[in-house]
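The structure under discussion appears below in the form of structure tokens.
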Amino acid sequence: MAKINIKIEGVSYKVEEGLTILEAAKACGYEIPSLCTFNHGECNLGSCRVCLVEATGARGLVASCVYPVSEGMEIRISSPAAVEARRESVELLLSNHNKNCQQCEKNEYCELLHVAKLTGARDDAFAGTHSKTYLDTLAPGLVRDTSKCILCGRCVARCQNAHGLGILGFENRGFNTVVSPAENRSFADSPCIQCGQCVNVCPTGALMEHSEIGLVDEAFKAGKHVIVQAAPAVRAALGEEFGYPVGTPVTGKMIAALRRLGFEKVYDVNFGADLTIMEEGNELLERIQNKGVLPMITSCSPGWVNYAEYNYADLLPHLSSCKSPHEMQGAMIKNYWAEQKGIAKEDIFVVSVMPCTAKKFENKRPQLAKDGIMDVDAVITTRELARMIKRSGIIFNRLPDEEWDADIMGDYSGAAVIFGVTGGVMEAALRTVYFKLTGEEHEKIAFEEVRGHEAGIREASIDINGTKVNVAIASGMRSAKILLDEIKEGKSKYQFIEIMGCPGGCINGGGQPYVRSCFLPNEADDIVDTYKEKRAKALYSEDERQEVRQSHNNPQIKELYEKYLGKPGSHKAHKLLHTTYEGRVGFN
Amino acid sequence: MGNISATAAAKITEICNRYKDEKTPLMMILSDIQNEYGYIPLEVQEVVSKETGISVAEIYGVVTFYSFFSLEPKGKYVIGCCLGTACYVKGAQQVIDKFSELLGIGPGQTTEDGLFTIDALRCIGACGIAPAVSINGKVYPKVSVSQVHDIVASYQDAK
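Quick mapping for you: the protein sequence lines, in order, are chains X and Y. Once you know that position 394 of the first sequence is 394 in my numbering, the rest is easy, because the numbers rise by one and skip nothing. Once you know that position 79 of the second sequence is 667 in my numbering, the rest is easy, because the numbers rise by one and skip nothing.
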């Protein structure tokens, strides 16, 4: 790329042609106050007017996030006019904002508050009428509070880019504009899959997860046996909330923290993941051998299951009937564990820590409750766990590394750990299916060809004893749609497909810590591009450290089948570990 | 999508197909539907979404942005009261208020018998005859409050 000459604050620089002023300034060591620290223009471009600067050749001040640099341009960030204009832009945003910052759960990570501090904006500069506001708390996964919305449009762009769904849009005009699902409906009455990607990009508290910390508190108060289980992707990101570099696995400290929060047992959902592989692998083999419905598609991601139920009801027989790992494990805790310990199901309260907001919807699915007993009673996100740790005065960084409870369901394989990243379930399943078909372990163990950490489609063809198994992996519904349409048209060449709702898989789930360069001063500038890869690496490294790498070699899984379930796909396994799906109407 | 008849769905699909080769067909499709049916409810937007691949939220956003589009059926007679600057200073607010008072509905609403809708319009380009009222294309010049009763009555009698 050609270099051009510009001046910033009178100092000469050479920068790449084609950059915006904001990007060029960053490359030269200036962080122009803006609401752009997260994304690459994944918003309603240039509308917030926070990042105004002076530039020669332009009329008036320009929005640096969209204005390109040109040869000989002289840029002034610190001129009185620019400083004042940026402050006024933020004051205008604040003038129609619900300023209850101390109650707002986004507080610590609010970009509006951040630029207010930077620009010196005072909230009452333009005191006046406020727009009518709406609060949607009906959906189990997400909360929308328009009193905090600044109409930046990031959520609108993300839903469209990740999923092609476009659930959210701008409605009405002028002062009455709101960002909402059509008809200003609740997420619960729209075909929203509750994946939480919109929450991940919201700069303020307008979009948040529907917190279930209160439910957990109530369970403790009621004196229940409160058991916690944490998903693989949580350990790869929780550390970010406590100042660890992105991609630092904090498994040991997380376990220690969960114990100090009072949970009676601290289990790893990886046990449930191994169990899922046993059941799902068996289901795949049965479908292949008995000419069942193929390709079979994984069903671990509740965002994806929601999408299928809303948009591809006729393809639901392709979904594996397996419950997702934490629901399987919840069922095992309330049945197998409860029996072994002599505790009544009603007295057990299972909490799942998940990187996901759709899991909050999933655990309330009527298909998963048996006689009013739910497999899992509350789901909290990685972010909510961080809040619980912080409010309890636990200094996370000083915790010792502890081990999972291992009494009945503590062992897990490396195969289970990688469930948290796109391609992981596929790889885990292949390790076990290979063994089942050949009677021996795959020499390499790892199936590198199915690995990744971004949205999109990957495919591979695995030779097992002369049988070719064609597989495909997709994350993000935009990619998934391509594979689904192939199936619909009868053109699919695959036997097994893994689909994850969020782009990159659970490591990038809607319940994971916010990635904002303004709040991660020690990370490189490109952290918004590299965090998925870093979190994925944390999981693959844990896989490599495990002695047992395949689900079928997990000793406690073997014991569970011997003592309790019989064999994969048994009647008992079906009753406890499998579920059903139902087509749903989006705008009912 | 359950509330829409097969004939209507087919008609809307046909309208969408008219603009298949356009780069940005949405405004044209919505205009045709508005002209054909007088309103564009959510069920219809869902059909348009399916045909064009544009999300329902985006379509809904466009429908609610332009006052030309309507989510509710409009009355047989649409009383458009100009509230542009010239009409406004000549007393258009009092005129529209009088229509509202007589019909018992506000701007943007439709009478229960489906006969009248009152629309508040911004400048219709007839400043020389302010305040102007336009009913189904017929323009009434220099309307005074005292004339409103007779105007309404003439349509009520005509039915």
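Just so it is clear, CB atoms sit at the ideal spot from N, CA and C, and this is done for glycine as well.
| request: For Y:V644, collect the residues of the same chain with a Cβ closer than 8 angstroms to its Cβ; drop the 5 residues on either side in sequence, then sort them by chain order. | output: By 1-based counting over the second sequence, the position of residue 644 of chain Y is 56. Closer than 8 angstroms at the Cβ level, and outside the excluded window around Y:V644, lie L630, Q633, E634 and S637.
| alpha helix (DSSP H) segments (min. 4 residues) lying fully within the segment 670-722 of chain Y | 673-677 and 680-691
| query | DSSP state of X:M409, grouped into three classes? | reply | Position 409 of the first sequence, counted from the first residue, corresponds to residue 409 of chain X. The answer is coil: DSSP assigns X:M409 none of H, G, I, E or B.
| said: So, with DSSP's three-state summary, where would you put X:L589? | reply: The shown model of chain X, from 1 to 588, leaves out residue 589 of chain X, and the question about it has no answer.
| message | Assuming X:N470 is part of the beta strand (DSSP E), what are its boundary residues? | response | Residue mapping note: residue 470 of chain X aligns to position 470 of the first sequence, counting from 1. Per DSSP, X:N470 belongs to the beta strand (DSSP E) from T467 to S475.
| said: Check whether chain X comes within 7 angstroms of Y:S643, counting only Cβ atoms and requiring the distance to be less than that. | reply: Here residue 643 of chain Y refers to the residue found at position 55 when the second sequence is read from its first residue. For Y:S643, the answer is yes, since a Cβ of chain X falls inside 7 angstroms of its Cβ.
| query | Just how far apart, CA to CA, sit X:K360 and X:N335? | reply | Looking up residue 360 of chain X in the first sequence gives position 360. Looking up residue 335 of chain X in the first sequence gives position 335. Their backbone Cα atoms lie some 22 angstroms apart in a straight line.
| query | Where does X:P80 land, buried or exposed, given buried means 16+ other C-beta within 10 angstroms? | reply | Residue numbering aside, residue 80 of chain X sits at position 80 when the first sequence is read from its first letter. Burial call: exposed.
| With burial defined as no fewer than 16 other Cβ atoms inside 10 Å of the residue's Cβ, what is the status of X:R365: buried or exposed? | In the first sequence, the residue the question calls residue 365 of chain X occupies position 365. Per the 10 Å Cβ criterion, buried.
| request: Flag this pair as yes or no: are the beta carbons of X:M278 and X:S551 separated by less than 7 angstroms? | output: Sequence index remark: in the first sequence, residue 278 of chain X carries index 278 (1-based). Sequence index remark: in the first sequence, residue 551 of chain X carries index 551 (1-based). Yes, Cβ-Cβ distance for X:M278 and X:S551 is below 7 angstroms.
| Taking the alpha carbon of X:A415 as the point to measure from, which residue in X:R398, X:T530, X:V548 and X:P317 has its own alpha carbon closest? | For the purposes of this step, residue 415 of chain X is taken as residue 415 along the first sequence, with counting starting at 1. The option with the nearest alpha carbon to X:A415 is X:V548.
| task | Run the CB neighbour count on Y:L691, radius 10 Å, all protein chains shown included, and call it buried at 16 or more, exposed below. | result | The sequence position of residue 691 of chain Y within the second sequence is 103, counting from 1. So Y:L691 counts as buried.
| said: Judging by CA-CA distance, which residue of X:E91, X:E309 and X:A127 is the nearest neighbour of X:Q194? | reply: Counting from 1 along the first sequence, the entry for residue 194 of chain X is found at position 194. The shortest Cα separation from X:Q194 among X:E91, X:E309 and X:A127 belongs to X:E309.
| Segments of 3+ residues assigned as beta strand (DSSP E) that fall wholly inside the segment 59-115 of chain X | 74-76
| request: Pull up the distance between the alpha-carbon of X:N311 and that of X:K488, whole angstroms please. | output: Counting from one through the first sequence, the residue named residue 311 of chain X turns up at place 311. Counting from one through the first sequence, the residue named residue 488 of chain X turns up at place 488. The straight-line gap from Cα to Cα measures roughly 12 angstroms.
| request: Please list, in chain order, all residues of the same chain as X:C152 whose beta carbon is under 8 angstroms from its beta carbon, the five residues on each side excluded. | output: Within the first sequence, the letter at position 152 stands for residue 152 of chain X. Cβ neighbours of X:C152 beyond the five flanking positions: L35, C43, N44, S47, C48 and P203.
| query | My guess is that X:G501 and X:V199 are in contact by the Cβ rule of under 8 angstroms, so how many angstroms apart are they, rounded? | reply | Here residue 501 of chain X is taken as the residue at index 501 of the first sequence, counted from 1. Here residue 199 of chain X is taken as the residue at index 199 of the first sequence, counted from 1. At roughly 13 angstroms, the Cβ-Cβ gap does not stay under 8 angstroms, so X:G501 and X:V199 are not in contact.
| field | Residue from X:V216, X:Q289 and X:V305 with nearest C-alpha to X:E264 | value | For the purposes of this step, residue 264 of chain X is identified with residue 264 of the first sequence, where counting begins at 1. Taking only the C-alpha atoms, the option nearest X:E264 is X:V216.
| message | Check whether chain Y comes within 7 angstroms of X:G505, counting only Cβ atoms and requiring the distance to be less than that. | response | Taking the first sequence and counting its residues from 1, the one referred to as residue 505 of chain X is at position 505. So, not an interface residue.
| query | Does DSSP classify X:S517 as helix, strand or coil? | reply | As a first step, residue 517 of chain X must be located in the first sequence, where it is residue number 517. It is helical.
| message | Using only the alpha-carbon positions, how far apart do X:L118 and X:E449 sit? | response | Here residue 118 of chain X refers to the residue found at position 118 when the first sequence is read from its first residue. Here residue 449 of chain X refers to the residue found at position 449 when the first sequence is read from its first residue. Cα to Cα, the separation comes out at about 46 angstroms.
| task | Determine the extent of the beta strand (DSSP E) in which X:F170 is found, giving its start and end residues. | result | Mapped onto the first sequence, residue 170 of chain X falls at position 170. From DSSP, the beta strand (DSSP E) with X:F170 extends over L168 to E171.
| Reduced DSSP secondary structure (H/G/I, E/B, other) of X:S352 | Along the first sequence, one-based indexing puts residue 352 of chain X at 352. Three-state DSSP puts X:S352 in a strand.
| Under 7 angstroms (Cβ pairs) to chain Y, residues found in the segment 178-195 of chain X | P181, A182 and E183
| query | If you check the beta carbons only, do X:A121 and X:R87 fall under 7 angstroms apart? | reply | Taking the first sequence and counting its residues from 1, one reaches residue 121 of chain X at position 121. Taking the first sequence and counting its residues from 1, one reaches residue 87 of chain X at position 87. Yes; because the gap between Cβ atoms is below 7 angstroms, this pair is in contact.
| task | Would you verify that the beta carbon of X:F175 is, or is not, closer than 7 angstroms to some beta carbon of chain Y? | result | Your numbering for residue 175 of chain X matches position 175 in the first sequence. No - not a single Cβ of chain Y is within 7 angstroms of the one on X:F175.
| Proximity to X:R260 [Cα-Cα], best of X:Y30, X:E23, X:K390 and X:E280 | By one-based count along the first sequence, residue 260 of chain X stands at place 260. It is X:K390 whose Cα lies nearest to the Cα of X:R260.
| said: Is there a Cβ of chain Y sitting closer than 7 angstroms to that of X:L168, yes or no? | reply: Here residue 168 of chain X is taken as the residue at index 168 of the first sequence, counted from 1. It does: the Cβ of X:L168 has a partner Cβ on chain Y nearer than 7 angstroms.
| message | By the three-class DSSP mapping on this structure, what secondary structure does X:Q229 have? | response | The residue you call residue 229 of chain X lines up with position 229 of the first sequence. X:Q229 falls in the strand class under three-state DSSP.
| Beta-bridge partners of X:E459, as assigned by DSSP | Residue mapping note: residue 459 of chain X aligns to position 459 of the first sequence, counting from 1. The partner list for X:E459 (beta bridge, DSSP) reads X:A472.
| Near X:P191, what residues of its chain come up, given a Cβ to Cβ distance below 6 angstroms and the 5 sequence neighbours on each side ignored? | Counted from its first residue, the first sequence places residue 191 of chain X at position 191. Correct list, in chain order: Y310 and G586.
| task | With 7 angstroms as the threshold, decide whether the Cβ of Y:E646 is near any Cβ in chain X. | result | Taking the second sequence and counting its residues from 1, one reaches residue 646 of chain Y at position 58. Taking Cβ atoms only, chain X reaches closer than 7 angstroms to Y:E646, which makes this a yes.
| query | Alpha carbon to alpha carbon, how far is Y:T601 from X:N588? | reply | For the purposes of this step, residue 601 of chain Y is taken as the residue at position 13 of the second sequence. For the purposes of this step, residue 588 of chain X is taken as the residue at position 588 of the first sequence. Rounded to whole angstroms, Y:T601 to X:N588 spans 21 angstroms at the Cα level.
| Can you find a C-beta in chain Y that's less than 7 angstroms from the C-beta of X:E547? | For the purposes of this step, residue 547 of chain X is taken as the residue at position 547 of the first sequence. Chain Y contact via Cβ: absent.
| field | Euclidean distance between Cα positions of X:E183 and Y:Y648 | value | Locating residue 183 of chain X in the first sequence gives position 183, counting from the first residue. Locating residue 648 of chain Y in the second sequence gives position 60, counting from the first residue. If you take the alpha carbons of X:E183 and Y:Y648, they lie about 7 angstroms apart.
| said: Applying the 10 Å Cβ sphere with the 16-neighbour rule, what's the burial state of X:D543? | reply: Sequence index remark: in the first sequence, residue 543 of chain X carries index 543 (1-based). With 16 or more Cβ atoms within 10 Å of its Cβ, X:D543 is classed as buried.
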